Amino acid sequence: MAGPEPRAAEATPTEAFAFGTQVHQHLRGLVLLSADVPRPWERVCRLAFGPRLGGAASHHVYLEVQGRNSNLVLTRATDDLILGSGLQVGNRMSSVRQVQVGKQYELPPEQPTQQPPSLGQTDGAWRAAVSAAEADIESGRCSSWAREPTVAICLVASYQGVSPGLAAELCERAGVASQLRPAGLSEAAWAALAEQWRLWLHAHATGRFAAAVEGPSGRLSLLGQPGGAAPPASLHALVDALYGSIQEEDECLRLHKALDSAMETALKRTRTKLRNMQRQAAAGERAEATKKRADLIVSVLHKIQPGAGSVQVEDWDTGKLVTLPLDPDKEPNEVAEALYKAARKQRRTERAIAPLLEETAGQIEYLEQMEVQLHMLTPEEPGAAEVLRGMQEELVSGGFMRAPPQAALAKAGAAKARKAVKRAGGAPAKRAYREFTSPAGLRVFVGRNPKENDELSRSAADADLWFHARGCPGSHTVMRMPASGDAGQEDVVFAASLAAYFSKARNEGKPP
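Once you know that position 480 of the sequence shown is 480 in full-length UniProt numbering, the rest is easy, because the numbers rise by one and skip nothing.
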């Protein structure tokens with residue numbers, strides 16, 4: 001379950017932990033007996049807990065759903081003495097109502113300007129009440145609403161049980177701008193808003209009111225799905241539909257930030273490693289020159305005077321005289337032997353560094369490819385979180401980033417899920433690549449990370465067409481060919497354009 005939206009004065013972690021401990025201590029072993037709304041139209045739910053079904057309640061939990069002032073309060077059922085609260089409210093925070101351990105719980109005070117909604121109220125009386133709220137807010141008589149008296153705010157100020165979200169949705173369904181003032185509404189706007197008001201009251205009165213999540217926007221609708229669509233199967237389904245995508249997007253953003261930082265660090269470190277290796281390789285390439293110097297010195301050992309600092313010798317490749325430095329403190333043969341030793345070491349370095357150079361260059365190419373694909377992945381893309389988790393797993397296994405604290409738990413959970421699928425006789429779902437349709441209806445698949453690129457390329461049939469932006473990191477793109485094996489020019493251009501788009505060349509004037 002997702003937590004409440006941020007409040008102006010949230011409980012500290014210590015307070016939240018202490019309250020959780022109190023709830024566990026008092027409610028442990030009890031069962032939920034009932035749930036009700038203690039005051040009509042008030043956004044407070046009361047949960048009654050007791051030792052057995054059908055028995056008396058021993059504890060109450062009051063859930064106050066009031067935006068930034070939301071709270072959870074645990075009380076003794078016999079007298080509603082407060083035993084714990086998610087947020088303690090003292091007299092410094094509120095002079096009207098305190099919520100503190102040891103005090104008796106009281107429901108939030110009613111607003112004197114609000115009246116309960118009623119189906120029996122005429123449209124004229126309803127309109128007059130909303131218009132009166134505008135005048136009260138402007139004059140300061142309604143001090144609780146010290147803000148612009150828009151039609152949405154006036155609906156909230158006039159009637160109990162109307163939240164800002166509900167008022168805004170009523171305006172939206174009626175086609176009325178919620179930021180307008182009541183005095184500025186036309187007769188048609190008033191009529192449309194009144195109709196939505198009556199529809200909401202009728203749904204509530206007949207028990208057909210049910211919140212829902214709007215399909216296109218993923219937003220919580222307090223009026224339910226328009227057009228009589230079926231409500232969610234359960235409250236859990238509603239909460240999952242509402243907060244599941246939010247949590248998924250939050251995880252995507254967190255993973256994206258962590259991966260971006262890890263890849264930036266890994267690329268910087270690996271490029272530095274490559275430069276150092278290239279310098280070592282350059283030194284290794286001097287082995288022949290070093291050995292030749294030793295050979296030239298050996299060829300004139302009999303001519304070198306003791307203590308000489310240099311010697312002139314003819315280079316047998318060019319026929320010219322060259323001057324070779326010597327160490328006056330060493331014998332000439334010792335100088336030559338040291339050069340032979342250095343040449344052998346340089347050859348060993350050259351042989352050892354060559355595969356490491358290739359491996360490091362491959363690592364840079366891999367990281368650059370992953371970096372490009374990371375920047376192209378958006379949280380809104382289906383399965384984005386799974387792709388990012390796959391990238392994280394690859395980077396961790398490759399030693400490019402540290403494993404997160406929960407990695408071992410996640411790995412164990414994934415292994416357990418695979419075993420469950422195997423026991424059930426099923427097969428794990430295939431990886432969902434990006435999929436597009438060419439002008440002629442051919443399916444085109446685009447990888448989203450190096451692992452998907454590899455799988456996509458290996459799964460391509462001989463007749464399929466493979467695309468990749470030349471000379472720069474990017475996604476592997478495969479166009480599935482029909483049985484005829486023919487693809488039109490438009491289809492080829494379409495697939496090639498996708499390969500260019502999902503590559504580092506996306507922002508270049510003319511992709512390769």
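Ideal Cβ positions, reconstructed from N, Cα and C, are used throughout, including at glycine.
Just so it is clear, the structure is predicted and the values come from calculations on it, not from any experiment.
Limits of the beta strand (DSSP E) - the one that residue i falls within
{"i": "residue 310", "result": "310-314"}
{"i": "residue 109", "result": "Per DSSP, residue 109 belongs to no beta strand (DSSP E) and is neither H nor E."}
{"i": "residue 71", "result": "71-76"}
{"i": "residue 467", "result": "465-467"}
{"i": "residue 60", "result": "59-64"}
{"i": "residue 434", "result": "434-437"}
{"i": "residue 444", "result": "443-446"}
{"i": "residue 304", "result": "No beta strand (DSSP E) holds residue 304; DSSP gives it neither H nor E."}
Cβ distance (whole Å) where residue i is taken to contact residue j below 8 Å
{"i": "residue 22", "j": "residue 83", "result": "6 Å"}
{"i": "residue 78", "j": "residue 105", "result": "Not really, about 12 Å apart at Cβ, beyond 8 Å."}
{"i": "residue 238", "j": "residue 211", "result": "6 Å"}
{"i": "residue 192", "j": "residue 176", "result": "6 Å"}
{"i": "residue 448", "j": "residue 387", "result": "5 Å"}
{"i": "residue 324", "j": "residue 314", "result": "Their Cβ separation, rounded to whole angstroms, is 11 Å, which puts residue 324 and residue 314 out of contact at 8 Å."}
{"i": "residue 151", "j": "residue 181", "result": "7 Å"}
{"i": "residue 101", "j": "residue 89", "result": "11 Å between Cβ atoms; not a contact."}
{"i": "residue 520", "j": "residue 336", "result": "What is shown of the chain runs 1 to 512, which leaves residue 520 out entirely."}
Length of the line joining the Cα atoms of residue i and residue j
{"i": "residue 360", "j": "residue 278", "result": "11 Å"}
{"i": "residue 450", "j": "residue 475", "result": "8 Å"}
{"i": "residue 114", "j": "residue 126", "result": "12 Å"}
{"i": "residue 362", "j": "residue 263", "result": "15 Å"}
{"i": "residue 439", "j": "residue 465", "result": "15 Å"}
{"i": "residue 129", "j": "residue 435", "result": "55 Å"}
{"i": "residue 199", "j": "residue 493", "result": "53 Å"}
{"i": "residue 329", "j": "residue 307", "result": "6 Å"}
{"i": "residue 223", "j": "residue 452", "result": "42 Å"}
{"i": "residue 189", "j": "residue 153", "result": "16 Å"}
{"i": "residue 195", "j": "residue 496", "result": "53 Å"}
{"i": "residue 506", "j": "residue 477", "result": "15 Å"}
{"i": "residue 118", "j": "residue 244", "result": "35 Å"}
{"i": "residue 109", "j": "residue 69", "result": "13 Å"}
{"i": "residue 26", "j": "residue 163", "result": "32 Å"}
{"i": "residue 358", "j": "residue 276", "result": "13 Å"}
{"i": "residue 432", "j": "residue 500", "result": "20 Å"}
{"i": "residue 380", "j": "residue 246", "result": "10 Å"}
{"i": "residue 382", "j": "residue 461", "result": "26 Å"}
{"i": "residue 158", "j": "residue 64", "result": "20 Å"}
{"i": "residue 353", "j": "residue 274", "result": "10 Å"}
{"i": "residue 365", "j": "residue 355", "result": "15 Å"}
{"i": "residue 398", "j": "residue 454", "result": "16 Å"}
{"i": "residue 402", "j": "residue 255", "result": "13 Å"}
{"i": "residue 370", "j": "residue 205", "result": "56 Å"}
{"i": "residue 437", "j": "residue 486", "result": "15 Å"}
Chain-order list of residues whose beta-carbon lies under 8 Å from that of residue i (same chain, five-residue window excluded)
{"i": "residue 183", "result": "131, 134"}
{"i": "residue 503", "result": "372, 468, 469, 472, 473, 474, 475, 511"}
{"i": "residue 367", "result": "263, 266, 267, 270, 400"}
{"i": "residue 37", "result": "44, 45, 46"}
{"i": "residue 30", "result": "49, 50, 51, 58, 59"}
{"i": "residue 91", "result": "98"}
{"i": "residue 168", "result": "152, 178"}
Contact set for residue i: own chain, Cβ-Cβ below 7 Å, skip 5 residues either direction
{"i": "residue 332", "result": "297, 301, 304, 326"}
{"i": "residue 80", "result": "60, 104, 105"}
{"i": "residue 480", "result": "442, 443, 464"}
{"i": "residue 166", "result": "222"}
{"i": "residue 123", "result": "194"}
{"i": "residue 430", "result": "Its pLDDT being 49, under 50, residue 430 is placed unreliably in this model, and the value from its coordinates should be taken loosely. Correct list: empty, nothing qualifies."}
Spatial neighbours of residue i in its chain, beta-carbon cut-off 6 Å, leaving aside the 5 residues before and after
{"i": "residue 385", "result": "248, 251, 252"}
{"i": "residue 209", "result": "203"}
{"i": "residue 170", "result": "196"}
{"i": "residue 161", "result": "41"}
{"i": "residue 85", "result": "73, 99"}
{"i": "residue 33", "result": "48, 50, 57"}
Residue span of the alpha helix (DSSP H) that contains residue i, given as start and end
{"i": "residue 199", "result": "187-205"}
{"i": "residue 171", "result": "164-174"}
{"i": "residue 35", "result": "Unbroken run through residue 35 is the beta strand (DSSP E), 31-36; no alpha helix (DSSP H)."}
{"i": "residue 360", "result": "332-376"}
{"i": "residue 156", "result": "151-158"}
{"i": "residue 518", "result": "As shown, the chain starts at 1 and ends at 512. That puts residue 518 outside it, with no answer to give."}
{"i": "residue 296", "result": "287-299"}
{"i": "residue 456", "result": "450-459"}
{"i": "residue 391", "result": "384-397"}
{"i": "residue 87", "result": "From DSSP, residue 87 is part of no alpha helix (DSSP H); its letter is neither H nor E."}
Minimum Cβ-Cβ distance from residue i to chain B less than 9 Å
{"i": "residue 484", "result": "Among the chains in the structure shown there is no chain B, since it carries only a single protein chain."}
Pair every Cβ in the segment 254-268 with every Cβ in the segment 385-404, then say whether three or more of these pairs are closer than 8 Å. With the cut-off at 8 Å, the segment 254-268 and the segment 385-404 touch.
Is it true that the segment 287-297 meets the segment 343-353, where meeting means three or more beta-carbon pairs spaced less than 8 Å apart? Yes, the segment 287-297 is in contact with the segment 343-353.
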